[in-house]
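In what follows, a single structure is set out as C-alpha cells and then discussed.
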Ligand SMILES: [Fe+2]
C-alpha cells in the first residue's frame with residue numbers, strides 16, 4: 001500500500017490535544033490573516049468495546065487553528081455530549097447513532113439481550129459532529145437532530161446543551177433541525193426543522209439576533225415562519241437555501257419509514273436504517289415567502305439526492321438554485337466505515353460524484369401550493385444545468401454573496417479513486433475551474449476568508465486542512481483564492497481525522513450584527 005492509499009488514518013479515533021501546539025509556518029501567510037478556524041467532525045469511532053459502523057457515527061471532535069501575528073497553533077477537543085461519555089465506557093443504555101444501534105451490553109446472552117430491548121433507556125442522540133455556526137453572538141456545534149452544543153471557540157470547552165424539542169418557544173415540537181442553518185445580515189438564524197407525528201410537518205423556523213440581555217436563552221424569540229406537510233414520506237434534510245425574498249425547502253426521495261423507527265429496538269437499527277429511497281417520489285422545491293411566512297408553491301424535479309445546497313438567488317423572474325446533487329442516495333451508504341477504510345484502487349470510485357447543478361424555478365408559475373409544477377426539461381432531457389461533476393463540501397463568499405448572484409464556489413473532489421483528493425475552484429457562470437492537490441495529501445472543506453481590503457468576490461484566501469499521510473502531518477493550508485495557489489501553510493506533526501465543516505471567526509463577525 002502506498003502512502004497515498006493509506007487513508008484509513010482519516011477514519012480512526014484521535015487523541016485529544018486540548019493544549020495548543022505550535023505549528024511550523026512555511027511560506028507567507030497574509031499579514032491580515034488573523035483569527036480562528038474551528039472545524040467539526042467525527043473523531044472517535046468506538047463505543048466501549050464495540051466499533052461504530054458509519055462515518056457519521058464518530059463522536060464530534062472540534063479542531064482549532066488559531067492564527068495571530070504569523071504564528072499558528074492547533075488544538076482539538078471532543079464535544080462533551082452524553083453520547084461521547086457513553087462511547088468511552090458503554091453503559092446500560094441503548095446507544096443510537098446515524099448508522100449504529102448498540103444495545104446496552106452487546107456481549108450478553110441472547111435471552112438477556114432480547115428482554116433488555118424493552119427496559120433499557122435510550123441515550124439522547126446528541127452527538128453534534130457536523131457543523132459549527134454562530135447564533136446570538138455564541139458559537140454552536142450542530143448535527144441534524146434536536147440538539148446543539150454551545151462551545152467556547154478559544155478553549156473548545158463544551159458549555160451548554162440546547163434541546164430544540166424542549167426549549168423552542170411556542171407549541172410546535174421541533175424534533176430535528178438541519179445541520180446548516182443560515183445567518184441573515186441582521187444576525188437572525190433561519191433553519192428547517194421537522195416535527196414527526198401522525199401528521200408530520202416541515203417547519204421554517206427563525207431565531208432573532210441577541211437582544212443583549214445577559215440572561216437571554218439561546219432560542220429566545222424563536223418562531224415558526226411556516227409549516228407544511230411532506231408531499232410523501234418525511235424527507236431527510238441536511239441543508240437548504242435562501243434568496244432575498246424566499247426560503248427554498250428541498251424535499252428529496254430519501255424518506256423516513258415511521259414503522260422502522262417504532263420497531264428499532266426489535267430490529268436493532270440506527271437512523272440510517274429508518275430511511276429508504278422512494279423511487280415513486282419526485283424531488284420537490286417548496287418556495288416559502290420569507291416576509292409573509294406562506295408557502296407560495298412547489299416545483300417538482302426528477303429524483304435526486306443532496307446533502308449540500310450552495311447558493312440561490314433571484315434574477316430574470318426566476319430563482320436560480322445551485323446544489324451538489326447525486327442521482328440517488330447511494331452516497332449515504334457509501335459512507336459506512338468499512339467502505340471508507342477499504343483499499344483505494346486507482347480508477348475505482350468509493351464514493352459517487354456529486355454534480356454541481358443549477359435548477360431554475362420560474363416565479364411566475366408559483367401560486368398554488370397544493371399542485372407541484374414540473375420543471376421544464378432542456379434538449380438534453382435534463383431539468384437542470386450541469387455546472388461541474390465531482391464536487392462536495394461547497395463553500396463560497398457567504399458574507400457578501402449569500403442570496404445574491406455569485407461567481408465562485410470552492411469544494412473538494414475525488415481524483416482517480418483517491419477520496420478527498422483535490423480542492424476545486426469553480427466559476428459557476430463560465431463553468432471554468434482550477435484544482436489544487438499534493439501527493440499523499442487529503443483535503444478538507446475549503447473555507448473562504450475575504451481580504452479586508454478585497455474588492456472582488458475572490459479577493460482573499462481559502463483555508464483547508466490538509467492531512468498528508470506521506471510525512472505524517474496535518475496542515476492548515478492557505479491558498480490565494482484568486483490564483484488558487486499556495487501562499488503558505490502551518491504544519492503540525494500529527495495525523496488528524498478528516499473533518500466535515502468549519503467556521504472562521506472573522507467570517508462570523510461579518511454577519512453577526514453584535515459580534
Ligand atoms: Fe454538511
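In the working numbering, the protein residues as written are 1 to 515.
Even glycine gets a Cβ: it sits at the ideal position worked out from N, Cα and C.
{"Query": "From the DSSP output, in three-state form, read off residue 177 for me.", "Result": "strand"}
{"Query": "Ignore the nearest five residues each way along the sequence and tell me which others in residue 353's own chain have a CB closer than 6 Å to its CB.", "Result": "389, 390"}
{"Query": "What separation, rounded to the nearest whole angstrom, lies between the Cα atoms of residue 245 and residue 404?", "Result": "11 Å"}
{"Query": "Could you check whether the Cβ of residue 130 sits closer than 7 Å to any heavy atom belonging to ligand 1?", "Result": "yes"}
{"Query": "Select from 365, 459, 505, 438 the residue whose C-alpha is nearest the C-alpha of residue 474.", "Result": "438"}
{"Query": "Using 10 angstroms around the beta-carbon of residue 395, count the other beta-carbons present and answer buried if the total reaches 16, otherwise exposed.", "Result": "buried"}
{"Query": "Are the segment 82-92 and the segment 170-178 touching, with three or more C-beta to C-beta distances below 8 Å?", "Result": "no"}
{"Query": "Is it buried or exposed, residue 151, if we count other Cβ atoms within 10 angstroms and call 16 or more buried?", "Result": "buried"}
{"Query": "Going along the chain, which residues of its own chain have a beta-carbon closer than 8 Å to the beta-carbon of residue 199, five neighbours each way excluded?", "Result": "229"}
{"Query": "I think residue 146 touches residue 164, with their Cβ atoms under 8 Å apart; what is that distance to the nearest whole Å?", "Result": "4 Å"}
{"Query": "Output the distance between the C-alpha atoms of residue 220 and residue 207, rounded to the nearest integer angstrom.", "Result": "7 Å"}
{"Query": "Quick check: the Cα distance between residue 424 and residue 408, rounded to an integer number of angstroms?", "Result": "10 Å"}
{"Query": "Quick one: grab the DSSP three-state call for residue 428.", "Result": "coil"}
{"Query": "Return the chain-ordered list of same chain residues with a C-beta closer than 6 Å to the C-beta of residue 283, the five sequence neighbours on each side being excluded.", "Result": "252, 301, 303, 304"}
{"Query": "Flag residue 503 as yes when its Cβ comes closer than 7 Å to any non-hydrogen atom of ligand 1, and as no otherwise.", "Result": "no"}
{"Query": "Quick check on the burial criterion: 16 or more other C-beta atoms within 10 angstroms. Buried or exposed for residue 376?", "Result": "exposed"}
{"Query": "Could you tell me the distance, in whole angstroms, from the CA atom of residue 93 to the CA atom of residue 307?", "Result": "30 Å"}
{"Query": "Our contact map puts residue 286 next to residue 255 with C-beta atoms below 8 Å; I'd like the distance itself, whole angstroms only.", "Result": "About 15 Å separates the two Cβ atoms, so there is no contact after all."}
{"Query": "Of all the alpha helix (DSSP H) runs that stay within the bounds of the segment 114-178, which reach a length of 4 or more residues?", "Result": "164-167"}
{"Query": "With 16 other CB atoms within 10 Å as the buried threshold, where does residue 379 fall?", "Result": "exposed"}
{"Query": "Please state whether DSSP places residue 32 in a helix, a strand or coil.", "Result": "coil"}
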